[in-house]
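Data first, discussion second: the structure below is written as structure tokens.
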Amino acid sequence: MNIFGRLKNTAPVIIVLALLPLFLISPFSVSSSEDEVIKSNQKVTTQDNAAILSQKIREIYKEVRPVALVSPEGLREWQSFLGQDEDDSYKDDHLFILILEKGEETLLWIQVTKFETQADRSRIKKAKGSKLIKAVLRKKEIIIEKNDFGAEETGLILSEILRSIENKKKLLGIKAF
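This is the structure:
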């Protein structure tokens with residue numbers, strides 16, 4: 020099952036989480052001091068999520084950098100498909116990672132393109148749409164300049180990308196550096 024299929028299965032959870040703030044500010048909510056505690060916990064959770072996303076992006080960079088193809092211009096490139104199956108012909112999500120190192124910072128583009136099978140030709144797939152994460156990696160920080168994925172979707176897709184890279188490296192017999 021691809022990442023987009025899994026997101027459809029999590030829709031009820033997302034709806035419940037989206038409605039939770041409406042309940043918390045209703046007349047039936049808990050006292051205001053407890054509201055402040057809840058809000059402070061939500062801020063920590065948001066900061067934790069940003070730290071986790073930054074960590075996943077850095078892990079993806081560390082996995083891809085040593086094994087990516089290097090162009091004469093110095094760009095590092097990695098392409099694969101997302102999913103667990105070894106046969107890429109059944110996968111619908113294409114992964115393209117581009118790394119450009121310049122001075123003290125590294126630019127990282129992660130693009131996921133969704134393909135759909137043509138109705139009249141089952142072996143031919145057509146690009147349905149692409150989503151991009153663009154990040155700047157520095158020694159101690161990561162700045163996400165662009166993210167086309169939703170907040171919940173980003174963590175899932177980054178985990179799926181990391182798993183896909185590790186599986187592809189294992190399949191190709193590439194050892195960890």
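Quick note on my numbering: the sequence shown kicks off at 20 and runs consecutively.
For each residue, glycine too, the CB sits at the ideal point set by N, CA and C.
From which residue to which residue does the beta strand (DSSP E) around residue i run?
i: I161; result: I161 to N166
i: V86; result: Element bounds for V86: n/a, residue is neither H nor E.
i: D111; result: Note, D111: premise wrong, no beta strand (DSSP E); not H, not E.
i: E96; result: R95 to L101
Can the beta-carbon of residue i be found closer than 8 Å to that of residue j?
i: L175; j: L72; result: no
i: V89; j: I184; result: no
i: D104; j: K133; result: no
i: K187; j: S108; result: no
i: I161; j: L114; result: no
i: K150; j: V131; result: yes
Which class does residue i belong to by DSSP, given the choice of helix, strand or coil?
i: R182; result: helix
i: A138; result: coil
i: D106; result: coil
i: S149; result: strand
i: F42; result: Residue placement at F42 is flagged as unreliable, the pLDDT there being 40, under the threshold of 50; a coordinate-derived value is accordingly withheld.
i: E124; result: strand
i: S48; result: For S48, the predicted model reports a pLDDT of 37, less than 50, meaning its position is unreliable and no value from the coordinates is stated.
i: K194; result: coil
i: K158; result: coil
i: I143; result: coil
With a threshold of 6 Å on Cβ separation, who are the neighbours of residue i within its own chain once the five nearest residues in sequence on each side are excluded?
i: I116; result: V83, W97 and I129
i: E124; result: V155 and R157
Near residue i, what residues of its chain come up, given a Cβ to Cβ distance below 8 Å and the 5 sequence neighbours on each side ignored?
i: L94; result: L117, I118 and L119
i: Q137; result: I143, K144 and K145
i: T173; result: L72, I152 and N166
Identify, in the order they occur along the chain, each residue of the same chain with its Cβ nearer than 7 Å to the Cβ of residue i, setting aside the five sequence neighbours on each side.
i: A154; result: I76, L127, I161, I162, I163 and E164
i: V78; result: For clarity, residue 78 is Glu in the given sequence; the question names Val instead. Cβ within range, chain order: L181.
- Query: Counting Cβ pairs closer than 8 Å, one from the segment 164–179 and one from the segment 139–147, do we hit at least three?
  - Reply: With fewer than three CB-CB distances shorter than 8 Å, the segment 164–179 does not count as touching the segment 139–147.
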